[in-house]
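Here is the structure we will look at, set down as structure tokens.
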Amino acid sequence: MLFVFRMLLMGLHFILAGILGVILGLCRPFNPDNSRLCARLYALPAMCILRLRVKADVGPLMNKPDSCVIIANHQSNYDLFVFGNVVPRRTVCIGKKSLKWVPLFGQLFWLAGNVLIDRGNAHKARQSMLTTTDTLQHKDTSIWVFPEGTRNLGEELLPFKKGAFQMAIAAGVPIVPVCVSSYIKHMRLNRWHSGKILIRSLPAIPTAGLTMDDMPMLITQCREQMRECIDAMDRQLQAA
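Heads up, my numbering is the position in the sequence shown plus 1, with the first residue counted as 1.
Written as structure tokens, this is what we have:
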């Protein structure tokens with residue numbers, strides 16, 4: 002019963018947050034800080050409704066360079082509410098073009114200055130990547146990417162796709178990994194206290210001077226650091 006009540010409240014919240022977010026986007030369209038404000042608009046009420054306790058240790062993320070590529074592990078659709086607590090200023094996200102058909106959220110996502118990529122069209126996807134490289138180099142804006150490309154459902158990290166690392170190397174900007182504990186397997190939304198989630202950001206990994214030949218090494222380095230961080234947070238929660 003509690004789960005059903007929460008889902009009804011979340012549906013109402015999603016609609017209201019979408020309306021407010023679209024109004025914000027119309028007032029200042031494509032402002033790169035819209036994403037941070039809209040993320041908080043979704044995240045903060047959602048954490049109260051879901052009764053999830055989020056503890057964030059994200060100093061490197063909050064003190065990030067003006068432009069960087071932020072990479073994070075991707076577990077479920079709840080990531081919108083979980084990571085929304087820590088999205089830093091002037092940060093946009095890369096998402097699937099199909100998102101634009103989601104009522105309110107899709108329009109909000111577009112007006113917030115986020116990048117929509119048509120993964121089914123290689124030419125258009127490459128053009129979008131070139132646009133994001135220019136954004137990183139000249140607009141003091143960071144880009145948030147889920148390098149796995151799809152949800153891992155709280156299991157082991159999936160192989161990382163190349164796009165985020167190509168952008169970072171091409172623009173010469175650092176990569177800031179952000180990790181969240183494996184919450185989706187332990188969330189209990191039918192209980193009053195649904196669970197505890199840890200978020201941790203890692204020190205920036207520089208890419209200056211790297212070439213595309215260095216990309217496999219960079220991907221391995223980032224994935225291994227994130228895997229170790231997620232495992233450490235999971236052990237911490239289990240011990241508690």
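Glycine included, every Cβ here is placed at the ideal spot set by N, Cα and C.
For clarity, every value in this text was computed on a predicted model and none was experimentally measured.
- Using a Cβ-Cβ distance cut-off of 8 Å, the stretch 192-208 and the stretch 92-108 are not in contact, since fewer than three pairs of beta carbons, one from each stretch, lie closer than that value.
- Under DSSP, D58 takes part in a beta bridge, and its partners are R201.
- Within the same chain, and ignoring the five residues on either side of G196 in sequence, the residues whose Cβ sits closer than 8 Å to its Cβ are L53, R54, Y184, H187, M188, R189.
- A Cβ-Cβ distance of about 16 Å is found for the pair N153 and Q226, leaving them out of contact under the 8 Å criterion.
- For A165, the enclosing alpha helix (DSSP H) starts and ends at 164-172.
- In the DSSP assignment, C69 falls outside any alpha helix (DSSP H), carrying neither H nor E.
- The C-beta of G22 has 16 or more other C-beta atoms within 10 Å across all chains shown, which makes the residue buried.
- Under the DSSP assignment, S143 falls in the beta strand (DSSP E) whose first and last residues are 143-146.
- Pairwise C-beta distances place the stretch 108-120 in contact with the stretch 28-42, as three or more of them are shorter than 8 Å.
- Going by beta carbons, I144 and T92 fall inside the 9 Å limit.
- Each of M2, H14, I72 was checked against the Cα of V181, and the nearest Cα belongs to I72.
- Nearest C-alpha to K65 among F110, R228, I176: I176.
- By the C-beta density criterion, L62 is buried, having at least 16 other C-beta atoms within 10 angstroms.
- Looking at T133, F161, A47, the one whose alpha-carbon comes closest to that of R7 is A47.
- Going by DSSP, G96 is part of the beta strand (DSSP E) stretching over 92-97.
- Assignment of beta-bridge partners to G196 by DSSP yields L53.
- The closest CA to that of D235, considering only K56, L3, A18, D119, is found on K56.
- Going by C-alpha positions, V5 is about 21 Å away from G19.
- At a Cβ-Cβ threshold of 9 Å, C39 and L109 count as neighbours.
- Assigned with DSSP and collapsed to three states, V116 falls in strand.
- For the pair A165 and P148, the CB atoms are nearer than the 9 Å cut-off.
- Assignment of beta-bridge partners to A44 by DSSP yields no partner.
- Around L100, the same chain offers G107, F110 as residues with beta carbons nearer than 6 Å, after the five sequence neighbours per side are excluded.
- Taking the C-beta atoms as reference points, A205 is found nearer than 9 Å to C69.
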